[in-house]
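From first to last, the protein sequence lines are chains A and B.
Note that this note's numbering gives residue 126 to position 126 of the first sequence, counting from 1, and the numbers run on in steps of one.
Each position in the second sequence, counted from 1, maps to that position plus 1000 in this note's numbering.
Note that beta-carbon positions come from the ideal geometry of N, C-alpha and C, so glycine has one too.
In what follows, a structure is listed as structure tokens, so that the remarks can point back to it.
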Amino acid sequence: MTVAMSRPMTAPTRPLKKRAQSAALWFTTFLLMVIMCVPGLWVVLSAFRPNREILAKPPIWVPTEITLGNFAKIFGFGAEQVGIPVTSYFMNSMVIALTSTVIALIIGMAGGYAFARYRFRFKGGIFLGLMLFRAVPGIALSLPVFMMWSRLGLIDTQMGLIIVYVSLNVPFTIWLIDGFFRQIPMSLSEAAQVDGCTRWQAFWKIEFPLARSGIAAAGVFAFLTSWNEYALASQVTRSTDSKTLPVGLMDFTAQFTIDWAGMCAMAVIIIVPALIMTFLVQKHLIAGLTFGGVKG
Amino acid sequence: MAGISLRGVEKHYGSVRVVHGIDLEIAHEEFVVLVGPSGCGKSTTLRMIAGLEDITGGEVHIGDRLVNDLPPRKRNISMVFQNYALYPHMNVRDNLGFGLKIAGQSPAVITERVNEAATILGLSELLDRTPAELSGGQRQRVAMGRAIVRHPDAFLFDEPLSNLDAKLRGQMRAEIKKLHQKVKTTVVYVTHDQVEAMTLADRIVVMRDGYIEQVGTPMDVFNHPVNTFVASFIGSPPMNMLPGVIAGGQVRLADGTSVPVPHRLTRAVHEGQSVLLGIRPDDICPVGHGLGETAEGTDLDLTVTLAEPLGMESLIYTSVAGQEIQAKLYGPRIVQPGEVLSFRLALERAHLFDATNTRSLEVF
């Protein structure tokens, strides 16, 4: 009886406070999301609007005219054309980002596995060295890289940029993948070996599938780093042979004008593959974060 | 037919020696338990038999094969790990059949053997679940199932029950024993729990600091411990150890209390020798509350400092010659701290150890 009576007395106050809290929380979240998303949204919006609407003063918030003209323009279709080889830049970006990601993942898997599973001399020192290397700002390396690459003839080649990105990404992939292998109990690989596997088979049949989420996560990060990188790419690329999309963006700035519409259209082209990639591996990224729950 | 034989097996990690030349013969179908405190080298020894650790010195034979340089997969053994080591991304069926699949068995054979093992262990209902969906005891059974499907020469168990709660541990202990009776395979079982060792083993191997201290049947090790370490490690609560000196056919304790030397040991001691009198709590009982008639005994009046009633028996803390000892009281009787009771020491089951080298003075 007492329980039943006391309930209606407390019931209205608590949910009210809770509801207020939750509303405040959502409002803050909304504000933060607006701050984060508006620039991106503006870029996407501008990609589909003509230049005069983008430059209008006061700004036109709600587009009055949606057009694919900007895309047609930069890809060289339609009446108005821009002399920028976006297709080549796109292909360069793809080749460079994918190749460097694959290489960084292979090295990262081997290195991460070694750090997680084996004992060897100077292990701590090497690991710390890798992390310190990652702490060096990329742009600080641009001059030495430029000088070395110019002597080696790697300036303005895809290979040159691939090497740079692999070395930028490897410390990170090793670190991330090492963490994932560390979470997998050693006894799983041992059990597989007792069950008849070679160490290699045990890796591919047991440890690799379990670390797959982590490897996918490392791959996404490596890909995005390479895909978005501007500073170093702007130093070591020159022409359509190797220029990537972020560097190509600067082609839209002339001495006296900036083609905002074309630039935004190209920015969307840069964003879309990254979004698709993240979306595809999203499941793995989440699985990677909750891996601890399924330990045998 | 596959026994296991260890000959002078050593393990070093750099300059640190963890196993010092172990010799052990394990017969075909025998259930041998390696028992000892943490860090005694028992798990390392097991892992050397499995091939998961390199053997620094000596030889390991499984059946008539020298396996020192064979990888685990060529040793035809199976192992149950402390954390079960089930493959989290496979269901129970695939976990059980994994070894057979790797060995290239046909699907029909795999299905048959998996079903057979599942029936033996009562897993038939769980075949489609993943390890995450199983309870601790079920995981343990799957781990054992994975071990038996391959019909190996030997099973190796590495502290398989230490992750389970006390009740489940008791049940699984019984299941392991039944399983061994059913499948009749050589078993090497590592544990730090002397109860598991006593209940499961055909033979117990007590280890300490990388050495084997004693090998024998459970009763042998219990009744005739070779030194104070084995005496206090096997048996629960541990054996009481009272320091004293031999004087006139008696053990004179620190405060002058004298306890007769057990008859069977009178010839093993000499006057003035420093000894440790070892006597189990079960052999120190208030008169009339013991395990039955003592053929040879001595009575001491002792003050109870603490009593822990366990129902039909009570564990009693008291002290002799300034040293706390544990005693047992059988039968339902309430005992209060401060009570003075006459305790009978069953000397025919008491032990004497040399105080300097801790060895038993018993002549074997």
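Compute the Euclidean distance between the alpha carbons of B:D1299 and B:T1199, then round it to the nearest angstrom.
-> Cα to Cα, B:D1299 sits roughly 32 angstroms from B:T1199.
Excluding five sequence neighbours on each side, which residues of the same chain lie with their C-beta closer than 6 angstroms to the C-beta of A:I103?
-> V166, listed in sequence order.
Taking a Cβ distance cut-off of 8 angstroms, strictly less, list which residues of the stretch 159 to 188 of chain A are near chain B, in chain order.
-> If you check each beta-carbon in the stretch 159 to 188 of chain A against every beta-carbon of chain B, the ones closer than 8 angstroms belong to P185, S187 and L188.
If you count every other CB in all the chains shown that lies within 10 Å of the CB of A:S239, and 16 or more means buried, which is it?
-> By the neighbour-count rule (16 or more Cβ atoms within 10 Å), A:S239 is not buried but exposed.
Contact check, B:M1241 vs B:L1276 under 8 angstroms by CB: the rounded distance?
-> The C-beta separation of B:M1241 from B:L1276 comes to about 5 angstroms, placing the pair in contact by the 8 angstroms criterion.
Grouping DSSP H, G and I as helix and E and B as strand, with all else coil, what is B:F1031?
-> The three-state reading of DSSP puts B:F1031 in strand, counting E and B together.
Determine the direct distance from the alpha carbon of B:L1127 to that of A:G266, and round the result to whole angstroms.
-> Correcting the residue type first, residue 266 of chain A is Met in the shown sequence and not Gly. So the two alpha carbons sit approximately 53 angstroms from each other.
Residue of B:N1357, B:V1261, B:G1210 and B:E1271 minimising C-alpha distance to B:I1279 | In terms of Cα proximity to B:I1279, the closest of B:N1357, B:V1261, B:G1210 and B:E1271 is B:V1261.
Just the Cα atoms here: how many angstroms apart are B:L1034 and A:V194?
-> For B:L1034 and A:V194, the gap between their C-alpha atoms comes out near 20 angstroms.
Quick check: the stretch 55 to 71 of chain A against the stretch 224 to 231 of chain A, are there 3 or more CB pairs under 8 angstroms?
-> They do not touch, by the three-pair rule.
Short CB-CB distance (under 8 angstroms) between A:T28 and chain B | Not a single CB atom of chain B sits nearer than 8 angstroms to the CB of A:T28.
For A:Q255, which residues in chain B fall below 8 angstroms Cβ to Cβ?
-> Residues of chain B passing the Cβ test: none, with the nearest at roughly 59 angstroms.
Using CA coordinates, which residue listed in B:L1347, B:H1020, B:A1355 and B:Q1194 is at the minimum distance from B:I1234?
-> Closest by alpha carbon: B:Q1194.
Go through the stretch 31 to 117 of chain A residue by residue and report every complete run of the alpha helix (DSSP H) that reaches 4 residues or more, in order.
-> As far as the stretch 31 to 117 of chain A is concerned, its whole alpha helix (DSSP H) runs of at least 4 residues are 51 to 54, 69 to 74 and 86 to 117.
Put B:H1180 into one of helix, strand or coil per three-state DSSP.
-> Of the three classes helix, strand and coil, the one that applies to B:H1180 here is helix, per DSSP.
B:E1313 to B:N1091, Cα distance in whole Å?
-> Near 47 angstroms, if we compare the C-alpha coordinates of B:N1091 and B:E1313.
Check whether B:L1096 and B:M1144 have beta carbons under 8 angstroms apart = No, the pair does not count as a contact, with Cβ atoms beyond the cut-off.
Hey, does B:N1083 have any beta-carbon neighbour from chain D nearer than 8 angstroms?
-> No chain D appears in the structure shown, which is made up of the protein chains A and B.
Any Cβ of chain B within less than 8 angstroms of the Cβ of A:L210?
-> Interface with chain B (8 angstroms Cβ-Cβ cutoff): A:L210 is included.
Can you tell me which of B:I1316, B:A1231, B:T1186 and B:I1004 puts its alpha carbon nearest to the alpha carbon of B:R1065?
-> Cα-wise, what sits closest to B:R1065 is B:I1004.
Give a yes or no on whether 8 angstroms exceeds the smallest Cβ distance from A:T67 to chain B.
-> Taking CB atoms only, A:T67 has no neighbour in chain B less than 8 angstroms away.
With a 10 Å radius around its C-beta and 16 neighbouring C-beta atoms as the bar for buried, classify B:H1263 as buried or exposed.
-> So B:H1263 counts as exposed.
Sub-8 angstroms separation of A:I174 and A:L130 beta-carbons | In terms of Cβ geometry, A:I174 and A:L130 form a close pair [threshold 8 angstroms].
Contact under 8 angstroms by Cβ, B:F1081 with A:S187 | Yes, Cβ-Cβ distance for B:F1081 and A:S187 is below 8 angstroms.
CB-CB length for B:A1247 against B:G1322, believed under 8 angstroms | Taking 8 angstroms as the upper bound for CB-CB distance, B:A1247 and B:G1322 are not in contact here, some 18 angstroms apart.
Beta-carbon neighbours of A:I206, restricted to chain B and to distances below 7 angstroms = Counting only Cβ-Cβ distances below 7 angstroms, A:I206 has contacts in chain B at Y1087, in chain order.
Using a Cβ-Cβ distance under 8 angstroms, would B:A1050 count as near chain A?
-> Chain A places a beta carbon closer than 8 angstroms to that of B:A1050, counting this residue as a contact.
Three-state secondary structure assigned by DSSP to A:Y165 = Taken through DSSP and simplified to helix, strand or coil, A:Y165 comes out as helix.
Cβ-based burial, A:C37 [other Cβ within 10 Å; buried from 16] | Residue environment for A:C37: exposed (fewer than 16 other C-beta atoms within 10 angstroms of its C-beta).
At 8 angstroms on the CB atoms, spell out the chain A contacts of B:I1077, in chain order.
-> Simply V194.
Span of the alpha helix (DSSP H) holding A:F127?
-> Element bounds for A:F127: K123 to A135.
Considering only the beta carbon of each residue, do B:V1259 and B:L1345 sit closer than 8 angstroms?
-> Yes, they are a contact pair.
Measuring only between beta-carbons, confirm whether A:A191 sits less than 8 angstroms from chain B.
-> It does; some Cβ of chain B falls within 8 angstroms.
Per-residue DSSP class, three states only, for B:N1240 = The three-state secondary structure of B:N1240, taken from DSSP, is strand.
Local Cβ density within 10 Å of B:D1054, reported as buried at 16 or more and exposed below that = B:D1054 should be labelled exposed.
Touching by the beta-carbon criterion (3+ pairs, under 8 angstroms), the stretch 89 to 105 of chain A and the stretch 210 to 222 of chain A = Contact between the stretch 89 to 105 of chain A and the stretch 210 to 222 of chain A is present, because at least three Cβ pairs lie under 8 angstroms.
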